[in-house]
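Working notes, structure below.
There are 2 protein chains.
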Amino acid sequence: MILDTVNSPKDIKGLSNAELCTLAEEIRHFLLQKMSIRGGHFGSNFGMVEATIALHYVFDSPEDKIVFDVSHQCYTHKILTGRKEAFIDPEKYSDVSGYTNPDESEHDLFNVGHTSTSVSLACGLAKARDLLGGTENVIAVIGDGSLSGGEAYEGLDFAHELNTNLIIVVNDNQMSIAENHGGLYQHLESLRNSDGKAENNIFKALGFAYSYVKNGNSIADLIAAFQRVKDCKSPAVVHICTKKGNGFAFAEQAKEDWHWRPPFYVETGDTRRHLTGENYDTIVCEYLIDKMKKDPSVATIAAAVPLTIGFTEEIRKSVGKQFMDVGIAEEHAIALTAGIARGGGKPVFATHSSFYQRAYDQISQELCINCLPATLLVRNASVWGMNDITHLGIFDIPLLSNIPNLIYLAPTNKQEYLAMLEWSIEQREHPVALRIPRNGVHNANYPVDTDYSQLNQFQVCRKGADVAIIALGDFFQLGEETADALKQLGIQSTLINPRFITGVDEQLLDELKTDHRLVITLEDGILSGGFGQKIAAYYGNAAVKVLNFGLKKEFIDRYDPAQVLLENRLTAGQIVEDVKAVLNQA
Amino acid sequence: MILDTVNSPKDIKGLSNAELCTLAEEIRHFLLQKMSIRGGHFGSNFGMVEATIALHYVFDSPEDKIVFDVSHQCYTHKILTGRKEAFIDPEKYSDVSGYTNPDESEHDLFNVGHTSTSVSLACGLAKARDLLGGTENVIAVIGDGSLSGGEAYEGLDFAHELNTNLIIVVNDNQMSIAENHGGLYQHLESLRNSDGKAENNIFKALGFAYSYVKNGNSIADLIAAFQRVKDCKSPAVVHICTKKGNGFAFAEQAKEDWHWRPPFYVETGDTRRHLTGENYDTIVCEYLIDKMKKDPSVATIAAAVPLTIGFTEEIRKSVGKQFMDVGIAEEHAIALTAGIARGGGKPVFATHSSFYQRAYDQISQELCINCLPATLLVRNASVWGMNDITHLGIFDIPLLSNIPNLIYLAPTNKQEYLAMLEWSIEQREHPVALRIPRNGVHNANYPVDTDYSQLNQFQVCRKGADVAIIALGDFFQLGEETADALKQLGIQSTLINPRFITGVDEQLLDELKTDHRLVITLEDGILSGGFGQKIAAYYGNAAVKVLNFGLKKEFIDRYDPAQVLLENRLTAGQIVEDVKAVLNQA
Numbered sequence: 001m002i003l004d005t006v007n008s009p010k011d012i013k014g015l016s017n018a019e020l021c022t023l024a025e026e027i028r029h030f031l032l033q034k035m036s037i038r039g040g041h042f043g044s045n046f047g048m049v050e051a052t053i054a055l056h057y058v059f060d061s062p063e064d065k066i067v068f069d070v071s072h073q074c075y076t077h078k079i080l081t082g083r084k085e086a087f088i089d090p091e092k093y094s095d096v097s098g099y100t101n102p103d104e105s106e107h108d109l110f111n112v113g114h115t116s117t118s119v120s121l122a123c124g125l126a127k128a129r130d131l132l133g134g135t136e137n138v139i140a141v142i143g144d145g146s147l148s149g150g151e152a153y154e155g156l157d158f159a160h161e162l163n164t165n166l167i168i169v170v171n172d173n174q175m176s177i178a179e180n181h182g183g184l185y186q187h188l189e190s191l192r193n194s195d196g197k198a199e200n201n202i203f204k205a206l207g208f209a210y211s212y213v214k215n216g217n218s219i220a221d222l223i224a225a226f227q228r229v230k231d232c233k234s235p236a237v238v239h240i241c242t243k244k245g246n247g248f249a250f251a252e253q254a255k256e257d258w259h260w261r262p263p264f265y266v267e268t269g270d271t272r273r274h275l276t277g278e279n280y281d282t283i284v285c286e287y288l289i290d291k292m293k294k295d296p297s298v299a300t301i302a303a304a305v306p307l308t309i310g311f312t313e314e315i316r317k318s319v320g321k322q323f324m325d326v327g328i329a330e331e332h333a334i335a336l337t338a339g340i341a342r343g344g345g346k347p348v349f350a351t352h353s354s355f356y357q358r359a360y361d362q363i364s365q366e367l368c369i370n371c372l373p374a375t376l377l378v379r380n381a382s383v384w385g386m387n388d389i390t391h392l393g394i395f396d397i398p399l400l401s402n403i404p405n406l407i408y409l410a411p412t413n414k415q416e417y418l419a420m421l422e423w424s425i426e427q428r429e430h431p432v433a434l435r436i437p438r439n440g441v442h443n444a445n446y447p448v449d450t451d452y453s454q455l456n457q458f459q460v461c462r463k464g465a466d467v468a469i470i471a472l473g474d475f476f477q478l479g480e481e482t483a484d485a486l487k488q489l490g491i492q493s494t495l496i497n498p499r500f501i502t503g504v505d506e507q508l509l510d511e512l513k514t515d516h517r518l519v520i521t522l523e524d525g526i527l528s529g530g531f532g533q534k535i536a537a538y539y540g541n542a543a544v545k546v547l548n549f550g551l552k553k554e555f556i557d558r559y560d561p562a563q564v565l566l567e568n569r570l571t572a573g574q575i576v577e578d579v580k581a582v583l584n585q586a
Numbered sequence: 001m002i003l004d005t006v007n008s009p010k011d012i013k014g015l016s017n018a019e020l021c022t023l024a025e026e027i028r029h030f031l032l033q034k035m036s037i038r039g040g041h042f043g044s045n046f047g048m049v050e051a052t053i054a055l056h057y058v059f060d061s062p063e064d065k066i067v068f069d070v071s072h073q074c075y076t077h078k079i080l081t082g083r084k085e086a087f088i089d090p091e092k093y094s095d096v097s098g099y100t101n102p103d104e105s106e107h108d109l110f111n112v113g114h115t116s117t118s119v120s121l122a123c124g125l126a127k128a129r130d131l132l133g134g135t136e137n138v139i140a141v142i143g144d145g146s147l148s149g150g151e152a153y154e155g156l157d158f159a160h161e162l163n164t165n166l167i168i169v170v171n172d173n174q175m176s177i178a179e180n181h182g183g184l185y186q187h188l189e190s191l192r193n194s195d196g197k198a199e200n201n202i203f204k205a206l207g208f209a210y211s212y213v214k215n216g217n218s219i220a221d222l223i224a225a226f227q228r229v230k231d232c233k234s235p236a237v238v239h240i241c242t243k244k245g246n247g248f249a250f251a252e253q254a255k256e257d258w259h260w261r262p263p264f265y266v267e268t269g270d271t272r273r274h275l276t277g278e279n280y281d282t283i284v285c286e287y288l289i290d291k292m293k294k295d296p297s298v299a300t301i302a303a304a305v306p307l308t309i310g311f312t313e314e315i316r317k318s319v320g321k322q323f324m325d326v327g328i329a330e331e332h333a334i335a336l337t338a339g340i341a342r343g344g345g346k347p348v349f350a351t352h353s354s355f356y357q358r359a360y361d362q363i364s365q366e367l368c369i370n371c372l373p374a375t376l377l378v379r380n381a382s383v384w385g386m387n388d389i390t391h392l393g394i395f396d397i398p399l400l401s402n403i404p405n406l407i408y409l410a411p412t413n414k415q416e417y418l419a420m421l422e423w424s425i426e427q428r429e430h431p432v433a434l435r436i437p438r439n440g441v442h443n444a445n446y447p448v449d450t451d452y453s454q455l456n457q458f459q460v461c462r463k464g465a466d467v468a469i470i471a472l473g474d475f476f477q478l479g480e481e482t483a484d485a486l487k488q489l490g491i492q493s494t495l496i497n498p499r500f501i502t503g504v505d506e507q508l509l510d511e512l513k514t515d516h517r518l519v520i521t522l523e524d525g526i527l528s529g530g531f532g533q534k535i536a537a538y539y540g541n542a543a544v545k546v547l548n549f550g551l552k553k554e555f556i557d558r559y560d561p562a563q564v565l566l567e568n569r570l571t572a573g574q575i576v577e578d579v580k581a582v583l584n585q586a
């Protein structure tokens, strides 16, 4: 096996084209094997095997610096740079992350996972090189899907300014996570249809030397193209056309389903895990389809992750122009949402907690200063959300809840979620965000309101004394568990569903003072800047003691949620211990 | 006077070209008069007089909807839409804001002030129109400077997708606030040099119909161009070339100085107010020039507002390639900064507090997950910062201080600012942000450290008992004043400069418990999600009482800082009253 001889990029420099092609087949074999067991970014990695081999054949990493956009296509890069065992040996599958990671290898420049950053990062590396007098090549590898993101464009615009070596490999596989959207993609199509010769070339417009590789899965063609730009003295774009999922028929055919794939059977492509029972993606999808049918002014907007609210390709087509996927463009998505609301429509935008980070300014300025009635659905906002360091869902409470005029609601169950959503869509006063529970679908066991226009009214679900538990969103069930455990000890606690993340119920908090010694807050996110600290501050001058339960402010990577909960004292047992300690001390 | 007859856009529809030109002169006269007294966005407004007249001549606002990007060019629009008295009558000068404002007029769609948002907002209006069955025109007016911002590009990319009436007027005056930067601007130059006929037209690449108006200060040419696109059925770009500051020689010549102009003498152009004494802009500029001379790896980066750290055009030229202005592109600026740090450089990026909102994700992901040593200077982060609702500097503490790995420092005086800056540039462990004081330049009256690598160590500046005052950043002097006032009452309080916004000094806070009944916190920003709430939460289970002093979570507009401080009980007198109330209650 050729791969046996490859332990660093140097080891492929002497190989023939035939050997490099064999190497590609060997790599694909192991990628298939690992991903069938562990899941992973299938399509992006299968498409980029040849290009990655060609990059390492032509350039001299780590002296030459290769930045992978999103880096969800870096598996071959990892295999070629000393980490092949993590793909060959099942016992070592967990040794590497799914993204580039400088802690793993000097060949990895950044820990990245959000899109559209590679060009700007590479500009920085090129600038540092020039300031320090280096001569290495700097290469950014960016997919066409990432090119819809504003940050990528800002980088492409600026690159010209540097007037120095900077090579942008545009990996055009005609897909974002879902299909691409926007005028750029019609343009890329015209470039593909003309072998790169179409007029109005956007890369040339921005000042790049431009070259085109029709077959981006041909190692020989890629090597030739990369050799032509190696050591160039001004920015160059190499536009390569690859096939997403190349080499595995199921993935080539169903590109969106195979962008990221859970473990699957190699023979059939079927996933090994099947979700059973209800989930909030399909619940909200069904609700929105019905709502849009009844009301033509309702619009649903996604930003490259429509599946996160259950909008499959089939559904997207069926709902027509009331659904929009703007591609990877969260800033635009929020401003578009604001515009629709201002124009009298009823927009609902949904994306992951982590991706809202791209749009803080637009939420604050376009939506909240203008106080426009729009609904934001915040997905995977939880310790049980995505657990890669770049996709954590534990920061959105400090991010969103401190913006004036925004109403951030935290439903605890299905009926409450749908009631809040219905209220949010129909009201015309506020921008509203909903933090979708992530701890499974629960049914309401208390009366659920339909009207949330009286802001910051917390709901008392069990009335007790001495100890009050304010349990936010999908930590409400943890609050119930804690209340039950306290009951075992003879403490009849008060259990409160705060519902509103963006304010405190001052009247209720004042009432609690009369017969409660201790108020505890539970939130599924970091404590710093969050919900519980507002309660603690409110009681700063009161006799009531306050304990905030939530997560430490830290980046965590590929963690076990149960372990993280334990470390942050977020099991009912630990909470009860801490409560007892305070009660005994008083 | 023709303006006498103009009270709404309808009133200009019957005017001849000569009359419209006279109207333009009359408007310029009043703009000059008002701005000479009150200051304002001079260059952008003087350049757009004719284009605004032509827009209102051709389109039918408010049925047709015009969105002004940044809206710092909307003065003529306000004059033509029923608000001329606010420009003619000095007593009514304050009746309108400097930006579009829906509270003032049905002709204003959004309250905006940040750049690059108009295309996306207009996309939303167009979408809502189509969903609701309307037929009006939707027009976005965007300057070339705003086109470097990623959000503008995301909107331009998406517009094609709508396949509907949407008119983008690109106002090309060859300037951002300072000169433009990036490949796009070379491209716009080639379009200007070819009367719009240059190849590789970026607007055509993105799917727009494109037309060019060489003289964007010719009302007749503009009317003809706008009439051609009126009621178009798919997105169109009208590229108009205007002269920034057109019609006032001083402004035409010194475009950057006259982008925004404080009150000035019409005869000489000299400003009426002259800053005297030291200010932090020149202090940090001098420091950075010297630092860059000594160390070629230090790089200073601005994003369209280089003057905010004193980098005038002359200085920018003198420091050469160690200085970069990336234009309006904050996301790119942070990723570039991250790349420079990763490549071994020592980057310092500076912009306004309000503009950091554009780059939360990049600060979190590119800088902080990667823990790269870079310095961010946060300007106008204060109640004394810019006081337009879109430019408030009171939200950066919750925005930045809850990001893991970031060290956010708050110097209280000149020596401490420079010491922290020097430490930050030289250390290689942390991304660091500095909150530049905004209450004048003070000198240190306590020993200033040179090393801040022991994180979260607060500094006790006066040791007392009973009451501790933790006074952050430029509220330190308010803390001193409060301590002095308490002393008058016989209370020897402890005065603490926390220095670190991103953490609490647990050891010191524990020590305070022994002989302090009350801890108060002072911060120059909103309390929600901020610094003081972390102290309150830390003491949640302690006998120590905590009072947080800072601003309410709300958007405020064109306010008097003294009044806002009073309303938030942030004078030393009010604070002492509140302290006494707690001490008496105990």
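Protein chains in written order, with the working numbering: chain A, 1 to 586; chain B, 1 to 586. Glycine included, every Cβ here is placed at the ideal spot set by N, Cα and C.
Roughly how many angstroms separate the alpha carbons of residue i and residue j, rounded to a whole number?
{"i": "T242 of chain A", "j": "D172 of chain A", "result": "6 Å"}
{"i": "R38 of chain A", "j": "R261 of chain A", "result": "9 Å"}
{"i": "K127 of chain B", "j": "N405 of chain A", "result": "24 Å"}
{"i": "L124 of chain B", "j": "T337 of chain A", "result": "A small fix is needed here, since residue 124 of chain B is Gly in this sequence, not Leu. Cα to Cα, G124 of chain B sits roughly 6 Å from T337 of chain A."}
{"i": "Q591 of chain B", "j": "V119 of chain A", "result": "Since the first and last residues shown for chain B are 1 and 586, residue 591 of chain B lies out of range."}
{"i": "L275 of chain B", "j": "Y356 of chain B", "result": "26 Å"}
{"i": "T494 of chain B", "j": "L547 of chain B", "result": "15 Å"}
{"i": "A581 of chain B", "j": "L121 of chain A", "result": "54 Å"}
{"i": "M292 of chain B", "j": "V319 of chain B", "result": "8 Å"}
{"i": "E25 of chain A", "j": "K34 of chain A", "result": "14 Å"}
{"i": "F42 of chain B", "j": "I501 of chain A", "result": "42 Å"}
On a Cα-Cα basis, can you pick out the residue from the options that is closest to residue i?
{"i": "V298 of chain B", "options": "B:L162, B:F355 and B:G343", "result": "B:G343"}
{"i": "N7 of chain A", "options": "A:A24, A:V58 and A:I79", "result": "A:I79"}
{"i": "L551 of chain B", "options": "B:A465, B:R428, B:F500 and B:G393", "result": "B:G393"}
{"i": "V49 of chain A", "options": "A:V546, A:A302, A:G573 and A:I27", "result": "A:I27"}
{"i": "A335 of chain A", "options": "B:D69, B:K293, B:T164 and B:A224", "result": "B:D69"}
{"i": "L565 of chain B", "options": "B:G525, B:G133, B:T81 and B:L583", "result": "B:G525"}
Residues of the segment 557-569 of chain A whose Cβ lies closer than 7 Å to any Cβ of chain B, in chain order: Per Cβ criterion, the list is empty.
Give the list of continuous alpha helix (DSSP H) stretches no shorter than 4 residues that lie fully inside the segment 173-248 of chain A. Every alpha helix (DSSP H) of 4 residues or more that sits fully in the segment 173-248 of chain A is shown, in chain order, as 183-193, 202-205 and 219-229.
May I have a chain-ordered list of the beta strand (DSSP E) segments no shorter than 3 residues that lie completely inside the segment 450-479 of chain A? Those beta strand (DSSP E) runs which fall completely within the segment 450-479 of chain A and span 3+ residues are 459-462 and 466-471.
Run through the segment 402-447 of chain A for me and flag every whole alpha helix (DSSP H) of 4 or more residues, listed as ranges in chain order. Entirely contained in the segment 402-447 of chain A, the alpha helix (DSSP H) runs reaching 4 residues are, in chain order, 414-426.
Please list, in chain order, the residues of the segment 146-162 of chain B that have any C-beta partner in chain A closer than 8 Å. For the segment 146-162 of chain B, which is checked against every Cβ of chain A, the residues closer than 8 Å are S148, G149, G150, E151, A152, Y153, E154, G155, L156, D157, F158, A159, H160 and E161.
Chain-ordered residues of the segment 366-400 of chain B with a beta carbon less than 8 Å from chain A: Listed by position, the residues of the segment 366-400 of chain B near chain A (Cβ gap below 8 Å) are E366, C368, I369, N370, I389, T390, F395, P398 and L399.
Pull out every residue of the segment 536-547 of chain B whose Cβ sits closer than 7 Å to any Cβ of chain A, in chain order. Listed in sequence order: A536, A537, G540, N541, K545, V546 and L547.
Along the chain, which unbroken stretches of the beta strand (DSSP E) at least 3 residues long are found entirely within the segment 21-98 of chain A? Unbroken beta strand (DSSP E) runs of no fewer than 3 residues, entirely contained in the segment 21-98 of chain A, are found at 65-68, following chain order.
What are the start and end residues of each continuous alpha helix (DSSP H) run of 4 or more residues lying completely inside the segment 311-392 of chain B, in chain order? Counting only runs of 4 or more, we get 313-319 and 330-342.
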